[in-house]
Ligand SMILES: O=C(O)c1ccccc1N[C@@H]1O[C@H](COP(=O)(O)O)[C@@H](O)[C@H]1O
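Numbering (our numbering), first residue to last: 4 to 225.
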């Protein structure tokens, strides 16, 4: 299974995530006001550092629907993967697939609020537009998306996975103590892995190797 940690802002966090055994590291660009927002230049530096580790794939995490700007930053940073973490339309996926570099991986986030997927009627359109996988994440009751630290319901995850046709990553409040709460999702034939933000951060707000490593081990051993 794949393990992704999200929202690195420093070189130390990137190398720490590689040391912790992560497969993917999320780098934010186009998350206005986001605590981990990076300039395009910094995104490119951290992306290069991740690629240099030889094991860590950098993922551009964005709320943006501006395809031209996204393609420019993909080209500049050479990120091989984009996570559309917001309410982008299927047309955004289609344009990235059509105009992006060959092999660009596109992750479309599906948001669940109290078990219901807000993009339910669009999942087929995202698939036809060329998304490679879905990422299932929580919407908090007050409408917040991203880094909610709020777990999803395992049955709702498995049921949504059954209604869609792509591999999926699981997110939302995951930590070393809750793999058992997601036995259904983990057993699903299209379960790809996990994406973690809050639980991998220390008190200073930075991603830490020791925390990330415990989470990665717990989920891989489950
Ligand atoms: O962390 C954020 O604020 C954020 C902002 C914009 C896009 C994605 C963001 N984080 C994503 O949140 C989930 C899970 O986080 P947590 O473990 O529940 O804290 C993960 O997919 C991150 O990519």
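All C-beta atoms, glycine included, are put in the ideal place defined by N, C-alpha and C.
Problem - Ordered list of beta strand (DSSP E) runs contained in the segment 110 to 153, each at least 3 residues - result: 136 to 141
#### Entry: Rounded Cβ spacing between residue 6 and residue 22 (contact assumed at less than 8 Å)
In the chain shown, the residue the question calls residue 6 occupies position 3. In the chain shown, the residue the question calls residue 22 occupies position 19. About 13 Å; that fails the 8 Å criterion.
* residue 93 beta carbon less than 7 Å from that of residue 132 -> Residue numbering aside, residue 132 sits at position 129 when the chain shown is read from its first letter. Residue numbering aside, residue 93 sits at position 90 when the chain shown is read from its first letter. Yes, they are a contact pair.
Do residue 135 and residue 174 have their CB atoms nearer than 7 Å?
Mapped onto the chain shown, residue 135 falls at position 132. Mapped onto the chain shown, residue 174 falls at position 171. Contact flag unset, no.
Is it buried or exposed, residue 123, if we count other Cβ atoms within 10 angstroms and call 16 or more buried? Within the chain shown, the letter at position 120 stands for residue 123. So residue 123 ends up on the exposed side.
Is residue 199 close to ligand 1? I mean its beta-carbon at under 6 Å from any heavy atom of the ligand.
As a position in the chain shown, residue 199 is number 196, starting the count at 1. Within the cutoff, so yes.
Next item on the list: Give every residue of the same chain whose Cβ lies closer than 6 Å to the Cβ of residue 185, excluding the five residues on either side of it in the sequence, and list them in chain order.
Entry: As a working note, residue 185 is residue 182 in the chain shown. 157.
Proximity below 7 Å, CB of residue 12 to CB of residue 50: Working through the chain shown from its first residue, we reach residue 12 at position 9. Working through the chain shown from its first residue, we reach residue 50 at position 47. No, the pair does not count as a contact, with Cβ atoms beyond the cut-off.
For a test of the three-state rule: what should DSSP assign to residue 96, helix, strand or coil? Position 93 of the chain shown, counted from the start, is the residue given in the question as residue 96. The answer is helix: DSSP assigns residue 96 an H, G or I state.
State the start and end residues of the unbroken beta strand (DSSP E) segment that holds residue 52. Position 49 of the chain shown, counted from the first residue, corresponds to residue 52. First-last for residue 52: 43 to 55, but that is the alpha helix (DSSP H), not the beta strand (DSSP E).
Check your understanding: Looking at residue 9 and residue 29, is the spacing between their C-beta atoms short of 7 Å?
Key -> Your numbering for residue 29 matches position 26 in the chain shown. Your numbering for residue 9 matches position 6 in the chain shown. A contact, by the Cβ cut-off of 7 Å.
- Where do the ends of the alpha helix (DSSP H) carrying residue 19 lie? Position 16 of the chain shown, counted from the start, is the residue given in the question as residue 19. From DSSP, the alpha helix (DSSP H) with residue 19 extends over 14 to 22.
List the whole-angstrom C-beta distance separating residue 63 from residue 102, where the pair is believed to meet the contact cut-off of C-beta under 8 Å.
Taking the first residue of the chain shown as 1, we reach residue 63 at position 60. Taking the first residue of the chain shown as 1, we reach residue 102 at position 99. Not really, about 15 Å apart at Cβ, beyond 8 Å.
| Which of helix, strand or coil does DSSP assign to residue 185? | Taking the first residue of the chain shown as position 1, residue 185 is located at position 182. Correct three-state label for residue 185: helix.
Using the three-state DSSP reduction, which class does residue 73 fall into: helix, strand or coil?
The count along the chain shown starts at 1 and reaches residue 73 at position 70. Helix at residue 73.
What residue from 144, 108 and 44 has the CA that sits closest to residue 118's CA?
-> Against the chain shown, residue 118 aligns to sequence position 115. That would be 144, whose Cα lies nearest to the Cα of residue 118.
Contained alpha helix (DSSP H) runs [length at least 4] in the segment 174 to 225, N- to C-terminal order
186 to 190 and 212 to 224
Exercise. Any heavy atom of ligand 1 closer than 6 Å to the CB of residue 42?
Worked result: Here the question's residue 42 lines up with position 39 in the chain shown. No, Cβ of residue 42 sits at least 6 Å from all heavy atoms of ligand 1.
Any heavy atom of ligand 1 closer than 6 Å to the CB of residue 84? Here the question's residue 84 lines up with position 81 in the chain shown. Because no heavy atom of ligand 1 lies under 6 Å away, the Cβ of residue 84 does not count as near it: no.
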